[in-house]
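Given below as structure tokens:
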């Protein structure tokens, strides 16, 4: 049995789209396999020590909170996070957290919020919000799976050569409503606009990330035994059908 | 106003009802606004006591109903949108129907959707505006809470100079709208027994609006509401003028309140359960006083008011009692959970989640609700609605034993199953989103167990 250590970045500021649901899924799916999850809240001002955490999570926030977080990320956490990623730690960032993982965010008024630079991408606010059900075909670890959720973002995100999209949009807007890509992946850093929250209805994605985190913890690749995901599959199927049936 | 526009608009309402498309609670208003922009202001201008608007994320329907009861108790003839159509078109329809049914009305009282409020206020030029709370709700429709706060602040700037504001002192965002140049009546809860042990996960406005520091709470009542202050002394909860100094929770049956007001003490024992309803009752008392309703009859009138449809409504079905507790966002759902837990019996629960436009297409909010305290108390839980499986996952990851969980997306079959599970004489608590509530009520109406919502009130 292994205990995965999760650094939950700004749980009080970055929690607007029920991000705690993602943490609950990571926790339960480890517990059901006789592993464990230890969660450290990383608040504004906290520094982090590279190597301690196997996995980081950064969710979405309101604009006001996101601005506070962006400054703190650059000032106190960016170097530690980059070193952690180089050491093999995994990162999952969703929505606002996804934007902050890139080089930065340019608001409608032209003001610029700095980013972490963990993913080679940049985001510029668009004239409208992209809102609605989102279904993509994602690829990770050589496997392709449909991933489903909801998106609600003003930012248009464009990827540089250092990152590839997490998937292609089957229905919805995705990164920029233009190039058909959604999310971004570079090594073990995954960013996406999908919430709902992301992981409960997409257990495959949860397990890929858990496998990376366990590998970082134990130094070897462990097989995660399958779970009874009948409810997860049913909820996934319902969500896939919503855009057309509602 | 020329009659043809009014006649055409009313005919549209009759047609809607005749076609079985609901009660025609907003279509006539839409027709009227199209035929004659500015009609709302013209219709309202003749009311001697003007219009009162009530808005909030949670509790506006119940508070409007309680305030209506207080005004009617004082003999006022009132125009109101009791059917809950609370966008500009619904307000226009209610006015249109109201001036026909009650040509000598004294006043109008409308609950108004929080995003529609600035436009409704601009059209209606109200004498009293009651602002109760803002919680995160339907982010895909309303956007961020901060934006609503700003829109409300802009609305207040444009109100007539003699308008009275009624504000909740306990909500830091609402209290921040206090403008010293305006007539204002503040209300709040002042009973230390109501305090929660900590801020719930779903708390929203928890930072000082001047300096950004995290607010400190002497007590938390509901969500981010309570007795709050900035640690650096910038802002603090203002002393309310209308204060509920004693709030007794009578299980899931009702409340007993003692409220201190500038017009003397008011006692009320409404048949509405839970701390959130203590806010609704206190807000209604403040609203009635601001409108000029005499204080002496308010307590009895509020105590005699029945629950609004789907908001604490009780319906008998097959020898069991259904209690419908609308739950459509994290703060509201947390209060229904807290209320249901006041029942000492093993709980029979039916939770319904739809994702239509009126519910919000984004169902992620259920993960922000604290359902966990229910787990040890549930005899049987049925989850239903179009997104029943999302609810099932919510409870699976909360650690619920799946043997006591039934997933039945079909509302009517789910209702029958939940009722059949409960012993005769037991209570089944129903926690639906808005359209799921309407769907279940329709079944109850067809079976003769409840009255149609457009006849409600």
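Protein chains in written order, with our numbering: chain W, -8 to 237; chain D, 206 to 662.
C-beta atoms are modelled at their ideal positions from N, C-alpha and C, and glycine is treated no differently.
Check: C-beta atoms of residue 449(D) and residue 464(D) nearer than 8 Å; Outcome: yes
Check: Any beta strand (DSSP E) of 3 or more consecutive residues that is wholly inside the region 39 to 69 of chain W; Outcome: 46 to 49
Check: Residues near residue 577(D) by beta carbon distance below 6 Å, same chain, minus five either side; Outcome: 603
Check: Cutoff 8 Å: residue 35(W) Cβ touching any chain D Cβ; Outcome: no
Check: Proximal residues to residue 50(W) (C-beta, below 6 Å), its chain only, five neighbours per side dropped; Outcome: 5, 6, 10, 85 and 88
Check: Residue(s) in a DSSP beta bridge with residue 105(W); Outcome: 95(W)
Check: Segment contact flag, the region 132 to 144 of chain W with the region 74 to 81 of chain W, C-beta cutoff 8 Å, min 3 pairs; Outcome: no
Check: Members of the region 214 to 230 of chain W that neighbour chain D once the beta carbon cut-off is set at 7 Å; Outcome: 222, 223, 225, 226 and 229
Check: As assigned by DSSP and simplified to three states, the class of residue 583(D); Outcome: strand
Check: Chain W contact for residue 319(D) (CB, 8 Å cutoff); Outcome: no
Check: Residues near residue 371(D) by beta carbon distance below 6 Å, same chain, minus five either side; Outcome: 335, 390, 491, 492 and 495
Check: Cβ neighbours of residue 506(D) in the same chain (closer than 6 Å, five flanking residues each side left out); Outcome: 274, 275 and 278
Check: Proximal residues, the region 589 to 610 of chain D versus chain W, C-beta separation under 7 Å; Outcome: 592, 594, 595, 597, 598, 601 and 602
Check: CB contact flag (residue 510(D), residue 475(D), <8 Å); Outcome: yes
Check: Range of the contiguous alpha helix (DSSP H) that encloses residue 651(D); Outcome: 639 to 651
Check: Bridge partners - residue 395(D), DSSP secondary structure assignment; Outcome: In DSSP, residue 395(D) forms no bridge with anything.
Check: C-beta neighbour in chain D for residue 141(W), strict 8 Å; Outcome: yes
Check: Touch test, the region 227 to 241 of chain D against the region 252 to 262 of chain D, Cβ-Cβ under 8 Å, three pairs minimum; Outcome: no
Check: Residue 577(D) at chain W interface by Cβ criterion, 8 Å; Outcome: no
Check: Chain D contact for residue 123(W) (CB, 8 Å cutoff); Outcome: yes
Check: Cβ distance (whole Å) where residue 629(D) is taken to contact residue 540(D) below 8 Å; Outcome: Not really, about 29 Å apart at Cβ, beyond 8 Å.
Check: Partners in chain D for residue 188(W), counting only beta-carbon separations shorter than 7 Å; Outcome: 569 and 572
Check: Residue 257(D), enclosing beta strand (DSSP E) - first and last residue; Outcome: 256 to 260
Check: Beta-carbon spacing of residue 427(D), residue 484(D) below 8 Å; Outcome: yes
Check: Residue 0(W): first and last residue of the uninterrupted alpha helix (DSSP H) it sits in; Outcome: Taken as a continuous stretch (DSSP letters only), residue 0(W) belongs to no alpha helix (DSSP H), being part of the beta strand (DSSP E) at -6 to 0.
Check: Limits of the alpha helix (DSSP H) - the one that residue 537(D) falls within; Outcome: 535 to 545
Check: Selected residue, minimal CA-CA separation from residue 69(W), among 129(W), 114(W) and 95(W); Outcome: 95(W)
Check: Cross-chain neighbours of residue 99(W) in chain D, by beta carbon under 9 Å; Outcome: Going along chain D, no residue has its Cβ under 9 Å from residue 99(W), so there is no contact; the nearest lies around 13 Å.
Check: Cβ separation of residue 567(D) and residue 345(D), assumed to be a contact under 8 Å, to the nearest whole Å; Outcome: 4 Å
Check: Chain-order list of residues whose beta-carbon lies under 7 Å from that of residue 143(W) (same chain, five-residue window excluded); Outcome: 120 and 122
Check: Alpha-carbon spacing of residue 380(D) relative to residue 443(D), whole angstroms; Outcome: 8 Å
Check: Identified DSSP bridge partners for residue 433(D); Outcome: 422(D)
Check: Chain-ordered chain W contacts of residue 349(D) [CB-CB under 9 Å]; Outcome: 7, 53, 54 and 55
Check: Residue 192(W) - DSSP class collapsed to helix/strand/coil; Outcome: coil
Check: Environment of residue 172(W) [buried if 16+ CB atoms lie within 10 Å]; Outcome: buried
Check: Rounded separation between residue 459(D) and residue 518(D) - CA only; Outcome: 12 Å
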